[in-house]
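Quick note: the sequence shown uses the numbering used here, first residue 3, plus one each step.
In what follows, a structure is listed as structure tokens, so that the remarks can point back to it.
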Amino acid sequence: MKENYNLEKIQELINNKIEENLHLDYKASGSLEKNEKKANEISKDVSAFANSDGGVIIYGIKEDSINKHIPEKIDPIDRNAISKEWIEQIIQGRISPRIQGINIIPITINEPNEVVYVVEIPKSDTVHQANDRKYYKRFNFNSEPMYDYEIKDVLNRNKFPKIELEFEIVINTYEVTTNNGFPHPTMSFLTPQSPEKEIKENIFLNVYARNNGKVLANYINAYFIFNKKFLSKNKGQQGDDFEEYFGDNTIRDVVDVKFTGFDTIKKYGPSRYDPILPRLKFKVKSLSLNKEILQSSSSIKWEVYADNSEPIRGETELKEIKIINEDISN
């Protein structure tokens, strides 16, 4: 989730002693001095974030002199001396190719001219060269030169689909009539009875393959490990019983429809793979569940193969899965 940076957020990072990490870096005001060495350092640090997984550099925070990588206090920058436009010029003029989507946020501290600059850097789908003609990555709080294979991996971000599994739990609620208005056998037929109504639920786990890449995904094979005790048919089962499930992006087209008077019979053709466009998703599996799933704290491990991409693996906590409630009475 993207952070909303303001003075309160900056102070919170300092008070909570949030350490630098792969996605966060602190720089004192001196890092923006107007000289060749500092300008090259800016290009090195910013390009490293773009070549890795993206992140944020906060200029104007001094690190603890003893506990390295821990923020100590705000070290304000003079807006008149170092402007947002100057930082943009350094970043765009000393990194090749230019990084798209960079956002620079000036945060006023005490005086109108005292600021902290937050530089938000997106993960790029290509590799960027710093002003010293080297390629850098984020590693152990630092910007380190990249190996040849790492450069090739970044260049391949834009060549293959990136498929990840998403899950949702759908609870369908509906009303049923249990006695149709007829009196109970022990009661008189002269006594009118109102139909008894009962609310029931059907619970489903829907599994989607989402294409988070930049190119079309033609062939998807997805696998996930799920506890069978949560299936509707196994309600009340004691003990864990894990099983691997499979899903893909195949569909069958309707090739003919026959009318029988009261019903229609559809004839389906052979299965075919239905490509997934970038940013779209495809339902690969749906399981009928019992209510015990809603109280579980376990997780689902999954693995996806797509075209010529390297397999992507992940694990999703059940408590993090979105729950959708639907009333299907009407």
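Positions of the beta carbon are idealized from the N, C-alpha and C atoms, including for glycine.
As the structure is a computational prediction, the values presented were derived from the model and not from experiment.
Which term fits residue i, buried or exposed, when burial requires 16 or more other beta carbons within 10 angstroms of its beta carbon?
i, result
"Asp134", "exposed"
"Leu291", "buried"
"Leu207", "buried"
"Val121", "buried"
"Tyr119", "buried"
"Val286", "buried"
"His228", "The question names His, yet the displayed sequence has Phe at residue 228. So Phe228 ends up on the buried side."
"Ser331", "exposed"
"Ser300", "exposed"
"Gly62", "buried"
"Asp272", "The residue asked about is misnamed: residue 272 is Pro in this sequence, not Asp. With fewer than 16 Cβ atoms within 10 Å of its Cβ, Pro272 is classed as exposed."
"Ser67", "exposed"
From residue i to residue j, what does the alpha carbon distance come to, in whole angstroms?
i, j, result
"Ile84", "Glu35", "8 Å"
"Thr266", "Asp258", "10 Å"
"Val48", "Ile59", "8 Å"
"Ile323", "Phe232", "15 Å"
"Gly263", "Glu198", "34 Å"
"Arg96", "Asp309", "36 Å"
"Met3", "Val178", "Because Met3 sits at a pLDDT of 46, beneath the cut-off of 50, its placement in the model cannot be relied upon, and the point is left open."
"Asn42", "Glu10", "31 Å"
"Asp242", "Asp55", "36 Å"
"Asn204", "Ser288", "12 Å"
"Trp88", "Gly103", "17 Å"
"Asn223", "Ser298", "27 Å"
"Leu282", "Val172", "20 Å"
"Leu320", "Asn8", "33 Å"
"Ile76", "Gln94", "26 Å"
"His71", "Phe143", "8 Å"
"Ile92", "Phe244", "54 Å"
"Asn213", "Phe169", "14 Å"
"Arg140", "Glu294", "43 Å"
Just to confirm the assignment, what range does the beta strand (DSSP E) spanning residue i have?
i, result
"Val48", "Run containing Val48: none in the beta strand (DSSP E); it sits in the alpha helix (DSSP H), Glu38 to Asn53."
"Asp27", "Leu26 to Lys29"
"Arg140", "Tyr138 to Phe141"
"Leu289", "Lys283 to Leu291"
"Ala211", "Lys199 to Asn213"
"Glu177", "Ile165 to Thr179"
"Ser145", "Asn144 to Pro147"
"Tyr335", "Absent from the model: residue 335. The displayed extent of the chain is 3 to 332, so no value can be given."
"Ile59", "Gly57 to Tyr61"
"Asn82", "Careful: Asn82 lies outside any beta strand (DSSP E) and carries neither H nor E."
"Thr110", "Asn105 to Thr110"
"Asp329", "Lys324 to Asp329"
Per the DSSP calculation, residue i is bridged to which residue(s)?
i, result
"Trp304", "Phe226 and Gly316"
"Gly249", "Ala224"
"Val257", "In DSSP, Val257 forms no bridge with anything."
"Val118", "Ile109"
"Lys64", "Lys75"
"Asn23", "Leu26"
"Ile278", "Ala219"
"Phe244", "Asn229"
"Gln131", "Ser98 and Tyr137"
"Ile123", "Gly57"
Would you give the residue range spanned by the alpha helix (DSSP H) that residue i belongs to?
i, result
"Tyr151", "Asp150 to Leu157"
"Leu15", "Leu9 to Asn17"
"Arg96", "Lys86 to Arg96"
Using a Cβ-Cβ distance cut-off of 9 Å, determine whether residue i contacts chain B.
i, result
"Lys125", "Any reference to chain B falls outside this structure, which holds one protein chain only."
Indicate whether the contact test is met: 3 or more Cβ pairs, each with one atom in the region 305-319 and one in the region 165-174, closer than 8 Å.
yes
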